[in-house]
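Those sequence lines, one after another, are chains D and U. Going by numbering that gives the first Met the number 0, the letters in the first sequence line up with residues 0 to 304, in that order. Going by numbering that gives the first Met the number 0, the letters in the second sequence line up with residues 0 to 265, in that order. Note that the Cβ used here is the ideal one computed from N, Cα and C, for glycine as well. Since we're looking at a predicted model, the values are computed, not measured. These notes are about the structure you will find just below.
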Amino acid sequence: MTAVVETEGLTKFYGKRRGLEDLDLEIRPGEVFGYLGPNGAGKTTTIRLLLDVIRPTRGRMSVLGAEPRDPAVRSRIGYLPGELALEGNEKARDYLAFLGGVRGGVSKDRISALAERLDADLSVPMGKLSKGNKQKVGLIQAFMHEPEFLILDEPTGGLDPLVQQEFLAMVREVRAGGRTVLMSSHVLAEVEDVADRVGIVRGGRLVAVEDVTALREKAVRRMELHFETPVPREAFEDLPGVRDLRVEGASVRCTIDGRPDALIKAAARFTVVHLVSAEPDLEEIFLTYYSENEEQEGRHARAGV
Amino acid sequence: MPALVSKSLRDYRRSLIRWTIGIGAFFTLYLSFYPNISENQEIYGPQALAKFPGAMRDLMGGMEDFTSGIGYLSSVVYQLFGPMLFIACAMILGNRAIAQPEESGTLELTVTLPVDRRRLVFERFVALVLGLLAVTVATFLLAWALSAVADMGVAFGRILAAHTGVFLLALLCGTLSLAVGAATGHKGLAMAVVGVVAVGGYIVETMGKNVDWISWLRWVSPFHYYLDGEPLYQGFPVGNYLVLAGATVVLLLTAILAFDRRDVGV
Ligand SMILES: Nc1ncnc2c1ncn2[C@@H]1O[C@H](COP(=O)(O)OP(=O)(O)O)[C@@H](O)[C@H]1O
Ligand SMILES: [Mg+2]
Numbered sequence: 000m001t002a003v004v005e006t007e008g009l010t011k012f013y014g015k016r017r018g019l020e021d022l023d024l025e026i027r028p029g030e031v032f033g034y035l036g037p038n039g040a041g042k043t044t045t046i047r048l049l050l051d052v053i054r055p056t057r058g059r060m061s062v063l064g065a066e067p068r069d070p071a072v073r074s075r076i077g078y079l080p081g082e083l084a085l086e087g088n089e090k091a092r093d094y095l096a097f098l099g100g101v102r103g104g105v106s107k108d109r110i111s112a113l114a115e116r117l118d119a120d121l122s123v124p125m126g127k128l129s130k131g132n133k134q135k136v137g138l139i140q141a142f143m144h145e146p147e148f149l150i151l152d153e154p155t156g157g158l159d160p161l162v163q164q165e166f167l168a169m170v171r172e173v174r175a176g177g178r179t180v181l182m183s184s185h186v187l188a189e190v191e192d193v194a195d196r197v198g199i200v201r202g203g204r205l206v207a208v209e210d211v212t213a214l215r216e217k218a219v220r221r222m223e224l225h226f227e228t229p230v231p232r233e234a235f236e237d238l239p240g241v242r243d244l245r246v247e248g249a250s251v252r253c254t255i256d257g258r259p260d261a262l263i264k265a266a267a268r269f270t271v272v273h274l275v276s277a278e279p280d281l282e283e284i285f286l287t288y289y290s291e292n293e294e295q296e297g298r299h300a301r302a303g304v
Numbered sequence: 000m001p002a003l004v005s006k007s008l009r010d011y012r013r014s015l016i017r018w019t020i021g022i023g024a025f026f027t028l029y030l031s032f033y034p035n036i037s038e039n040q041e042i043y044g045p046q047a048l049a050k051f052p053g054a055m056r057d058l059m060g061g062m063e064d065f066t067s068g069i070g071y072l073s074s075v076v077y078q079l080f081g082p083m084l085f086i087a088c089a090m091i092l093g094n095r096a097i098a099q100p101e102e103s104g105t106l107e108l109t110v111t112l113p114v115d116r117r118r119l120v121f122e123r124f125v126a127l128v129l130g131l132l133a134v135t136v137a138t139f140l141l142a143w144a145l146s147a148v149a150d151m152g153v154a155f156g157r158i159l160a161a162h163t164g165v166f167l168l169a170l171l172c173g174t175l176s177l178a179v180g181a182a183t184g185h186k187g188l189a190m191a192v193v194g195v196v197a198v199g200g201y202i203v204e205t206m207g208k209n210v211d212w213i214s215w216l217r218w219v220s221p222f223h224y225y226l227d228g229e230p231l232y233q234g235f236p237v238g239n240y241l242v243l244a245g246a247t248v249v250l251l252l253t254a255i256l257a258f259d260r261r262d263v264g265v
């Protein structure tokens with residue numbers, strides 16, 4: 000199957016300022032792709048390029064097998080801008096009806112159902128909506144025409160936790176229906192529950208693309224085992240993947256790189272009374288990507304002097 | 000009606016109503032002075048007006064005759080204030096096509112709709128034409144009715160000719176603000192350009208009649224193609240009006256091409 004998004008050397012400079020450089024990205028049909036990076040990394044720049052809001056300085060891209068320039072392709076995309084502006088006396092319901100009409104027709108019931116789901120009031124003039132409610136209207140317009148491809152730029156900003164959960168459920172339903180999602184965020188926690196893969200951008204460059212499950216497997220996790228009787232240290236030394244081993248009487252503490260298999264098998268020889276395994280902290284891995292990249296940049300900078 | 004046109008007109012509705020009321024009030028107020036002026040020849044008659052300095056009379060469009068109905072209409076209503084009100088209205092509508100929504104951020108979602116960029120500009124232009132036309136038609140009917148009530152003795156066709164000229168002049172200025180906004184995305188710049196063209200154009204056209212070194216500039220002043228034909232006295236100056244319409248088309252094409260090739264919202 001052809002990729003939903005394919006870019007090659009995609010680059011955008013704002014004058015002399017780098018927005019994005021040499022992006023090679025592929026987003027596959029049916030996946031939820033998390034696009035991560037701190038503020039100013041180039042996430043919004045990428046998304047605006049894909050939607051033909053801005054034009055690349057150089058490079059090539061295709062979206063749903065077409066050029067983003069082709070207006071027809073945009074009716075198959077749902078887009079939530081990072082900075083959504085809604086204003087004026089117009090009621091959200093009328094604005095949604097207008098957007099739906101231009102995109103080929105969306106039933107009133109569909110809009111009402113989404114509004115109910117997100118608990119959005121559509122009868123208020125848009126200029127008077129709170130930030131959270133504007134974001135809900137933004138989500139409704141992105142989802143309402145059931146697009147093949149959803150592009151969501153920092154979608155959870157301003158949403159309360161309950162609505163956030165509902166939103167994540169909507170994203171999962173989209174994926175279950177075989178449709179594709181690209182969502183950006185500056186925090187991993189927002190996307191790790193739904194994303195299949197994450198791409199990490201920094202300073203206008205894509206520094207890594209990873210499967211979330213692979214990322215989890217790579218994750219460093221802390222483990223703690225408590226036994227009925229004291230255990231010998233030798234039984235746990237030199238196990239693959241085990242680090243920072245501390246054996247104190249009947250308890251064993253360590254950190255695990257990757258799979259905990261060897262540790263579990265070693266522990267099984269004794270009577271285990273209690274086992275604690277902390278959730279892998281993906282944020283930590285995420286940060287190591289950044290710091291590695293920073294070191295590299297530092298080296299380049301020094302070499303350049 | 001295409002969705003973007005009807006949506007724009009819905010957005011403009013309040014503004015259009017306000018402008019119609021405002022311009023209508025201007026006509027009503029000024030035409031209500033007319034009976035008083037026509038009865039006081041010694042204050043407002045040609046001899047009295049001749050006392051004003053020549054340059055000032057030029058700037059006010061000659062001020063040859065206030066006391067006849069047609070003279071009053073042409074020098075008070077259709078000379079400066081009427082056109083300027085329409086130009087201001089058109090400029091604001093022209094800005095609402097691209098520059099204003101771009102600055103407020105609402106244009107971002109609009110350009111991601113499955114509508115060609117060129118078509119977006121064109122439909123916003125159509126909304127400008129229709130909105131301005133609505134204000135023009137309403138105020139034309141009012142001006143005609145008021146002039147008949149005040150017994151000014153100006154033919155329907157002549158008022159129509161003058162009003163049409165005001166419409167074409169304002170549409171040109173509105174399209175200019177649309178084009179500057181489409182090319183640059185800056186509302187303030189668009190207003191500055193229209194301001195310079197309208198005010199400068201008026202001064203050049205009126206002063207240029209008697210000042211040789213600026214008279215050649217009259218040919219580039221949009222006001223020239225409205226005022227020079229004296230539509231209230233002579234009827235439709237067809238050639239001149241075609242120049243206004245042609246310039247509008249050129250500006251529209253420029254706007255379409257410029258907007259099609261640039262980044263939005265940067
Ligand atoms: N309109 C613009 N003009 C100049 N620089 C810009 C503009 N938009 C973004 N940038 C720059 O491009 C880089 C990437 O920005 P952006 O794509 O908005 O990042 P993100 O969405 O990841 O926070 C930043 O350094 C930002 O300052
Ligand atoms: Mg952003």
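Burial is judged here by how many other beta carbons sit within 10 angstroms of a residue's own beta carbon; LEU24/D has at least 16 and is buried. Using a Cβ-Cβ cut-off of 9 Å, ALA2/U is close to PHE97, GLY100 and VAL101 of chain D, given in chain order.
In this structure, LYS130/D has its CB at a distance of at least 7 Å from all heavy atoms of ligand 2. Nearest CB-CB separation between PRO80/D and chain U: below the 8 Å threshold. Proximity of chain U to GLY87/D at the Cβ level (cut-off 8 Å) is accounted for by ASP10, in chain order. TYR33/U counts as buried, since no fewer than 16 other beta carbons sit within 10 angstroms of its beta carbon. Nearest CB-CB separation between GLY180/U and chain D: not below the 8 Å threshold.
Closer than 7 Å at the C-beta level to chain U, one finds these residues of the region 45-70 of chain D: LEU50, VAL52, ILE53, ARG54 and PRO70.
Using a C-beta cut-off of 8 Å, the region 178-192 of chain U makes contact with the region 96-107 of chain U, since at least three inter-stretch Cβ pairs fall below that distance. With 16 or more other Cβ atoms inside 10 Å of its own Cβ, VAL72/D counts as buried.
Contact between PHE148/D and ARG178/D holds: their C-beta atoms lie close to 7 Å from each other, under 8 Å. Annotated as proximal: VAL134/U and TRP18/U, with beta-carbon spacing under 8 Å. Scanning the region 209-244 of chain U from its first residue to its last, the whole alpha helix (DSSP H) runs of 4-plus residues come out as 211-214, 223-226 and 230-233. Within a 10 Å sphere around the beta-carbon of PHE97/D sit 16 or more other beta-carbons, which makes this residue buried. Put simply, of ASP192/D, LYS11/D and ARG215/D the residue whose alpha carbon is nearest the alpha carbon of ALA168/D is ASP192/D.
Listed in chain order, the non-local C-beta contacts of GLU165/D below 7 Å within the same chain comprise ARG116 and LEU117, local neighbours out to five positions each way being set aside.
Per DSSP, reduced to three states, the secondary structure at HIS185/U is coil, with no helix or strand assignment.
Taking 8 Å as the cut-off, the Cβ atoms of PHE26/U and LEU141/U count as close.
Taking the Cα positions, VAL249/U is about 27 Å away from LEU231/U.
The beta carbons of GLY41/D and VAL200/D sit closer together than 8 Å.
Here GLY29/D carries a coil assignment [DSSP, helix/strand/coil].
Identification of chain U residues near SER74/D by a Cβ-Cβ cut-off of 7 Å yields PRO113, ordered along the chain. Using beta-carbon distances, TYR13/D counts as an interface residue toward chain U, with a partner under 8 Å. In this structure, ligand 1 has no non-hydrogen atom nearer than 7 Å to the beta-carbon of GLY21/U.
The beta-carbon separation of LEU79/D and LEU138/D, rounded to 6 Å, stays under the 8 Å limit for a contact. One finds PHE97 in chain D with Cβ atoms closer than 7 Å to the Cβ of LYS6/U, taken in chain order.
If only uninterrupted alpha helix (DSSP H) runs of at least 4 residues are considered, those enclosed by the region 181-262 of chain D are 187-190 and 211-217.
Residue state for SER276/D is assigned as strand, using DSSP reduced to three classes. If you check the CB distance, ILE46/D and VAL265/U do not come in under 8 Å. The C-beta of PRO229/D has fewer than 16 other C-beta atoms within 10 Å across all chains shown, which makes the residue exposed. Only exposed fits VAL198/U, as fewer than 16 other CB atoms lie within 10 angstroms of its CB.
In this model, LEU3/U and LEU119/U are separated by some 7 Å (Cα to Cα).
With contact defined as three or more Cβ pairs closer than 8 Å, the region 259-272 of chain D and the region 211-226 of chain D are in contact. With its beta carbon at least 8 Å from every one in chain U, ALA40/D lies outside the interface.
The C-alpha of VAL206/D is placed about 29 Å away from the C-alpha of SER276/D.
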